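The letter at position 84 of the sequence shown is residue 512 when you use the numbering used here, and the numbering goes up by one with no holes. A virtual CB, placed ideally from N, CA and C, is assigned to each residue, including glycine. Here the structure is a predicted model, which means the values were calculated and not measured. Scroll down for the structure; my scribbles are underneath it.
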Amino acid sequence: MSLTAQQTLDTKKEFQENFERTGLTLEQIAEDLHTSPAIIADTLVLNVSRIEDPWVLKNYLEDVLNKKGIASIPFSALVGDYHRYCFLNSRRIEKRKIG
Numbered sequence: 429m430s431l432t433a434q435q436t437l438d439t440k441k442e443f444q445e446n447f448e449r450t451g452l453t454l455e456q457i458a459e460d461l462h463t464s465p466a467i468i469a470d471t472l473v474l475n476v477s478r479i480e481d482p483w484v485l486k487n488y489l490e491d492v493l494n495k496k497g498i499a500s501i502p503f504s505a506l507v508g509d510y511h512r513y514c515f516l517n518s519r520r521i522e523k524r525k526i527g
């Protein structure tokens, strides 16, 4: 799935806003997702090596916000059921494997 330039900008902004709403640090998220803070920082700006990584982070951030009772900023490009996208490895997303 390729994003347009505008979708890329919007998605980066949506990631940043949801990240800030969690109140978590990059280190806390990295620990939860068994990766490094640098990988989380890169994923927030869509600098990824695996197309599933933004979906893992999106789902994680939405789960954290939901548990805290905080509304998330809706994602405009990362939408729908990731199982329905044939180009995504849904098992990787479900394992919350990032990086």
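Is residue i helix, strand or coil by DSSP?
| i | result |
| --- | --- |
| K525 | coil |
| T443 | As written in the sequence, residue 443 is Phe, which differs from the Thr given in the question. It is helical. |
| S518 | helix |
| A499 | coil |
| N475 | coil |
| T450 | helix |
Do you know how far the Cα of residue j is from the Cα of residue i?
| i | j | result |
| --- | --- | --- |
| L485 | E455 | 14 Å |
| I467 | A458 | 8 Å |
| K495 | K441 | 22 Å |
| D470 | V476 | 6 Å |
| R524 | S430 | 22 Å |
| I521 | T463 | 14 Å |
| G527 | L489 | 16 Å |
| V518 | N487 | It is worth fixing the name first, because residue 518 is Ser in this sequence and not Val. Near 12 Å, if we compare the C-alpha coordinates of N487 and S518. |
Considering only their Cβ atoms, is the gap separating residue j from residue i smaller than 8 Å?
| i | j | result |
| --- | --- | --- |
| A505 | T439 | yes |
| L461 | V492 | no |
| T436 | L474 | yes |
- Query: Between the region 438–453 and the region 491–507, do at least 3 Cβ pairs fall closer than 8 Å?
  - Reply: yes
- Message: For the pair the region 506–513 and the region 469–488, tell me if three or more CB-CB distances fall below 8 Å.
- Response: yes
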